[in-house]
Amino acid sequence: STGDNQENNEDGYSDSDNHLYERAFQQELDQLDDNPSRLSLFFVGKSVKIVTKSIINGVEHLLQPSDESGFIEHRLELSDEEMQSLCTTTHIDCQDRTFDYNIQVHKTAKKSNTKNDDYKTFQCTVYVLAPRGVSIISDIDDTIKVTHAISRTLLLKHTFYNCFEPIKGMNDLYQKWHERKCQFHYVSASPWQLYPALRCFLEKYNFPMGTLNLRKFDWNLKFFYTIGIHKMKTISEIIEAYPSRKYIFVGDSGELDPEVYAKLYANYAQSIAHIYIRDICQTSPCLPICEERYRKAFEFVPKDLWSIFKHPQEIDTDINKLVSI
Numbered sequence: 082s083t084g085d086n087q088e089n090n091e092d093g094y095s096d097s098d099n100h101l102y103e104r105a106f107q108q109e110l111d112q113l114d115d116n117p118s119r120l121s122l123f124f125v126g127k128s129v130k131i132v133t134k135s136i137i138n139g140v141e142h143l144l145q146p147s148d149e150s151g152f153i154e155h156r157l158e159l160s161d162e163e164m165q166s167l168c169t170t171t172h173i174d175c176q177d178r179t180f181d182y183n184i185q186v187h188k189t190a191k192k193s194n195t196k197n198d199d200y201k202t203f204q205c206t207v208y209v210l211a212p213r214g215v216s217i218i219s220d221i222d223d224t225i226k227v228t229h230a231i232s233r234t235l236l237l238k239h240t241f242y243n244c245f246e247p248i249k250g251m252n253d254l255y256q257k258w259h260e261r262k263c264q265f266h267y268v269s270a271s272p273w274q275l276y277p278a279l280r281c282f283l284e285k286y287n288f289p290m291g292t293l294n295l296r297k298f299d300w301n302l303k304f305f306y307t308i309g310i311h312k313m314k315t316i317s318e319i320i321e322a323y324p325s326r327k328y329i330f331v332g333d334s335g336e337l338d339p340e341v342y343a344k345l346y347a348n349y350a351q352s353i354a355h356i357y358i359r360d361i362c363q364t365s366p367c368l369p370i371c372e373e374r375y376r377k378a379f380e381f382v383p384k385d386l387w388s389i390f391k392h393p394q395e396i397d398t399d400i401n402k403l404v405s406i
């Protein structure tokens, strides 16, 4: 849109810059044996007019049109009575609940009064959390999934070509927390086009299901420089939606998790029970640099509220020791 272009120019980016970056990114991918199932959502050949409906308890709700990247945002309001009839609890003696509903996508080339059966149906899950409880806010790349995000080549391979591989032991840790009635929010800088693959990854390796909060992707150069902004905004929205819950943050040292989590603690100190950072430092010479980074990032976070770990076995699974609700 025109507004987007004006904003880009103010930040020093132009449309030509974005097209150059798109071509460079495509050339980088061409050097790999591409996985079409993951890449196809990034390189759309043509746009197709679609009609999208949300079907909740048999009632159809027409959704707003998608943007150019296929992303749809829409707000639906349900009464307390409707919620009660739809929801099931996630655990015995727990007030956290979920319900499933369907999204129906119809492809329509033109307006027609005839019935069009060319559609796909997707099942979705809504998480309705109790005001009080424990939520785990977890990164994905290099926290629970091998990515090597600090290397562009390895990042591309692990994102678009290699089979997704879990960080050993993280699924067991998360399942033990889940058994103790923790709910999960996966907040990642990964683009939303990877949602199907990431959901399959969580299911395949037995990670607890939860909300997947990914980034809207386009070929704007700013996408590649706003990781911290996305996480700050998304996690802030979660905490403000449930201000009486307690939160445990889990991230890694590959990108900005230490700095982002420390800033969030400054804003929501009463809500954050603990911060865990997986240290991905591989060589002894970089240890002093990493230690200084953690010291600086967590300078204003109490020492007993943050931990650096290499292996998930180092983390206590007893939530009661971390959180008093």
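Numbering (my numbering), first residue to last: 82 to 406. Using N, Cα and C, we set each Cβ at its ideal position, and we do this for glycine too. No experiment lies behind these values; they were computed from the predicted model shown.
What separation, rounded to the nearest whole angstrom, lies between the Cα atoms of residue i and residue j?
i, j, result
"Q421", "L157", "There is simply no residue 421 to check, as the chain begins at 82 and stops at 406 in what is shown."
"G139", "R359", "44 angstroms"
"F330", "D199", "43 angstroms"
"P383", "V404", "15 angstroms"
"I396", "I389", "10 angstroms"
"C281", "I316", "23 angstroms"
"K262", "F180", "17 angstroms"
"T224", "R178", "26 angstroms"
"V132", "Y267", "29 angstroms"
"G151", "E141", "20 angstroms"
"V341", "N294", "16 angstroms"
"Y346", "R326", "14 angstroms"
"M350", "V186", "First, the amino acid is wrong: residue 350 is Ala here, not Met. About 42 angstroms."
"D161", "L235", "48 angstroms"
Does DSSP classify residue i as helix, strand or coil?
i, result
"G332", "strand"
"F390", "strand"
"Q30", "Absent from the structure is residue 30, since the part of the chain shown begins at 82 and ends at 406."
"C263", "coil"
"A343", "helix"
"K249", "coil"
"A354", "strand"
"D338", "helix"
"E60", "Outside the displayed span of the chain (82 to 406) sits residue 60, for which this structure offers no information."
"C367", "helix"
"I400", "helix"
"H239", "helix"
Since residue i contacts residue j with CB under 8 angstroms, what's their CB separation in whole angstroms?
i, j, result
"G250", "H392", "6 angstroms"
"C205", "Y242", "The pair is not a contact, with the Cβ atoms about 28 angstroms apart (cut-off 8 angstroms)."
"E154", "Q165", "With a Cβ gap of about 26 angstroms, E154 and Q165 do not count as contacting."
Ordered along the chain, which non-local residues of its own chain (more than five positions away) have a Cβ less than 7 angstroms from that of residue i?
i, result
"Q394", "G250"
"Y328", "S216, I218, I320, S352, I353 and A354"
Within the same chain, show all residues whose beta-carbon is closer than 6 angstroms to that of residue i, passing over the 5 residues directly before and after it, in chain order.
i, result
"H259", "P289"
"A343", "A378, F379 and V382"
* At 3 residues or longer, and completely inside the stretch 266-314: list those beta strand (DSSP E) runs for me, N to C. => 292-296
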